[in-house]
Amino acid sequence: MSILSSLTNRIFLASALLLLVSMSVAIWRVTASVTAQAENDLDAGLSEAASLVDRLSRTEFGDFVVKAQLIADLPVLKGAAATDDAPTVLPIAREYQQRMGADLFVVLNRRDQVLAQAGRVQMDPAQIARVVGAARGTRDGTAFWPNAGGLLHVAVVPIEPAFGTLVVGVSLDEEAVLRIRTVTNSEIAFVHGAQILASTLDGLSAADAALASHARGSFTIQVGAEEYVARIQPVGDVERGNEPFAIVLRSRTQHLRFLPSLRWQIALTGLAAVLVATVAGYLVARTVTRPLRALTGAMSDMARTGDLTRALPALGRWDDEDVRLVATTFHQLTSAVDRFQREASLKERLSSLGRLSTVVAHEIRNPLMIIKTAVRRLRRHPSPDVVDVATSIDEEVGRLNRVVSGVLDFARPVQFAVAPVNVRSLCTDAAQAALSAADDVPVLVTAEAGWIATDAERVRAVLVNLLTNAQHGVRLRRDNGGQLVPVELSASRSAAGHWRIVVADRGAGIKPEHLPRIFDPFFTTRRTGSGLGLAIAKNLIEGLGGTIRIDSRWGEGTIVIVDLPSRSTAEETPS
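To convert, note that position 221 of the sequence shown is 226 in my numbering; the numbers rise steadily by one, no gaps.
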């Protein structure tokens with residue numbers, strides 16, 4: 006037996022496999038979507054940070070140049086520069102340098118000689134001359150100049166009218182990049198050529214800077230154990246060439262650090278869902294396989310023992326509906342087979358009993374005839390006592406003869422003489438025959454006029470028997486304090502062309518436990534009854550192609566319904 010031979014295992018494995026595949030696809034799609042969204046957010050944040058760096062550098066330096074122009078136009082600085090006296094210019098230069106917050110503040114005379122220098126960046130005259138020359142060679146009078154610890158952004162502003170030149174500069178050093186990182190939430194590095202002048206990221210090498218100088222758009226850089234996404238942002242005039250630039254970086258490793266944890270959480274959630282679904286699938290499968298296994302076990306026991314009355318296992322409220330249907334159908338099947346077996350056994354016994362009864366009846370009838378002949382002689386005896394005894398013996402002999410005739414009628418095959426008969430006349434004759442025996446219970450006849458092809462004598466005998474039983478039930482109820490109500494005999498043609506004859510009484514009725522056996526041979530509740538009347542009546546009616554059924558309520562009355570075809574289907578007696 007393989008693992009897939011069991012329905013429970015198939016449902017269990019199919020559910021687990023389906024859920025596992027579904028969860029795997031869901032986890033893959035979720036993680037792919039989340040990763041793509043995180044990458045997009047990272048790229049968008051990087052672009053925003055680069056734009057912010059550009060705005061900060063341009064806006065701050067633009068404001069710085071405007072301030073320098075305003076200071077260069079002040080009369081105080083003009084007058085001091087006009088004196089061409091360094092001690093006079095120096096205090097003024099220091100004051101304005103502090104107000105501007107410039108890292109470099111230099112005042113030159115008209116011959117470009119240094120009159121005063123202030124700020125934390127100090128340069129010798131030769132360096133100042135080179136810086137001034139580089140700035141004057143640009144359209145806007147600004148220039149970038151590498152400096153120790155950073156990059157100096159310099160602007161040259163003339164002090165009109167031809168009193169000299171004001172040189173101011175802002176250093177893009179470690180302090181500046183830290184300030185920009187705080188604003189942009191990104192790592193910043195200023196690069197000039199292949200040299201990193203200032204950076205917030207330790208471990209950034211010249212090779213990385215060289216790689217960045219040739220990159221376009223976003224690119225990745227591995228710094229130590231972390232992977233960064235970077236973008237180049239020019240900080241000078243792009244058209245000049247060989248201008249410094251800023252590298253804006255964001256850690257891809259840190260930004261996507263939540264993904265492994267998310268994948269594990271999704272995987273664990275999926276695993277829990279798989280386990281729950283697997284258990285649920287197993288339980289669902291059990292609702293099918295458990296009752297099936299119990300049902301097949303009961304079938305095996307029935308097949309082994311032959312006991313079709315064995316009770317099937319009780320099914321729970323959660324068991325499968327189809328299995329319930331199978332169990333119900335199988336129960337109906339076994340009940341029908343058991344009933345057929347009992348009926349076949351009963352028929353076999355009755356057949357044997359019928360053959361035996363025929364022999365016994367013939368053997369009894371011959372002595373009865375002798376007894377009846379002797380009784381007739383005794384009834385002519387002069388002694389009244391002897392006559393009374395002979396009369397009683399004659400009555401008992403007649404009763405025994407009737408029982409023997411009934412046994413013979415029930416046991417031997419019935420032969421019918423089918424001929425047209427008037428239904429109303431048939432019912433009237435049966436009622437008169439019943440009244441002659443018990444005229445204390447009247448019979449009301451309401452029959453339609455019409456003809457039927459049947460065995461009139463057999464049907465009349467059946468109706469007399471039914472009317473006699475009805476009269477007995479009425480008398481029994483009267484004896485128990487009830488009212489005497491006439492028995493009703495009615496006959497009418499149905500829509501299908503059949504004739505329906507109904508015998509109804511309001512007598513004592515039949516007890517519910519006796520109803521299933523009323524057509525059984527030799528079953529009777531009357532002390533003097535033979536138990537063959539209704540059995541013979543059923544055989545006769547069914548032999549004529551009709552049906553007979555009884556509806557009775559104990560203490561309320563009985564209704565007997567006989568349906569006969571317009572033309573009997575029985576074979577006629579050969580002439």
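We put the CB at the ideal spot given by N, CA and C, even for glycine.
_Under the three-state DSSP convention, the category Asn544 falls into_ = Asn544 falls in the helix class under three-state DSSP.
*asked:* For the pair the region 92-104 and the region 188-198, tell me if three or more CB-CB distances fall below 8 Å.
replied: With a cut-off of 8 Å, the region 188-198 and the region 92-104 do not count as touching, because too few Cβ pairs lie within range.
*Beta carbon of Leu504, beta carbon of Arg511: below 8 Å?*
As written in the sequence, residue 504 is Trp, which differs from the Leu given in the question. Not in contact: Trp504 and Arg511 (Cβ atoms no closer than 8 Å).
*Check whether the Cβ atoms of Leu195 and Ala131 lie closer than 8 Å to each other.*
Here residue 195 turns out to be Phe, not Leu, going by the sequence shown. Contact: no.
*For Asp306, does the three-state DSSP call read helix, strand or coil?*
Asp306: helix per DSSP, three-state reduction.
*Check Phe224 in the structure and name its three-state DSSP category.*
It is a strand residue.
*Determine, using beta-carbon pairs with one atom in the region 111-123 and one in the region 157-177, whether at least three such pairs fall under 8 Å.*
yes
*How would you call Phe1, buried or exposed, if buried means at least 16 neighbouring beta carbons within 10 angstroms?*
Beyond the ends of the chain as shown, which are 6 and 580, falls residue 1; an answer cannot be given.
*Please report the residue range of the alpha helix (DSSP H) in which Gln102 lies.*
91-105
*Which one or two residues does DSSP pair with Phe149 in a beta bridge?*
His158
*asked:* Quick check: the Cα distance between Asp108 and Ser38, rounded to an integer number of angstroms?
replied: 48 Å
_Pairwise C-alpha distance: Thr339 and Arg572_ = Distance between the alpha carbons of Arg572 and Thr339 is about 37 Å.
*Does the beta-carbon distance from Asp393 to Val423 come in below 8 Å?*
no
_Considering only DSSP beta bridges, list what Glu353 is partnered with._
Among the bridge pairs identified by DSSP, Glu353 is matched with none.
*Which partner residues does Asp556 have in the DSSP bridge list?*
In DSSP, Asp556 forms a bridge with Ile564.
*Drop a sphere of 10 angstroms on the beta-carbon of Pro249, count the other beta-carbons inside from all chains shown, and report buried for 16 or more, exposed for fewer.*
buried
*asked:* What would DSSP say about Val111, mapped onto helix, strand or coil?
replied: strand
_On the CB-based measure, 16 or more other CB atoms within 10 Å of its CB, does Trp33 come out buried or exposed?_
exposed
_Euclidean distance between Cα positions of Asp306 and Leu300_ = 10 Å
*Using 8 Å as the threshold, is the region 271-279 in touch with the region 196-213, meaning 3 or more CB pairs across them?*
Cβ pair count under 8 Å is below three, so no.
_For the beta strand (DSSP E) containing Phe193, name the first residue and the last one._
Note on residue identity: the sequence assigns Ile, not Phe, to residue 193. Run containing Ile193: 192-197, per the beta strand (DSSP E) assignment.
*Is Val565 closer than 8 Å to Val508 when the C-beta atoms are compared?*
yes
*Given Leu481, which residues of its chain have a CB within under 7 Å of its CB, disregarding the five upstream and five downstream residues?*
So the list reads Gly512, Ala513, once near-sequence residues are dropped.
_Best match in Glu348, Thr205, Val162, Glu165 for proximity to Leu183 [C-alpha to C-alpha]_ = Thr205
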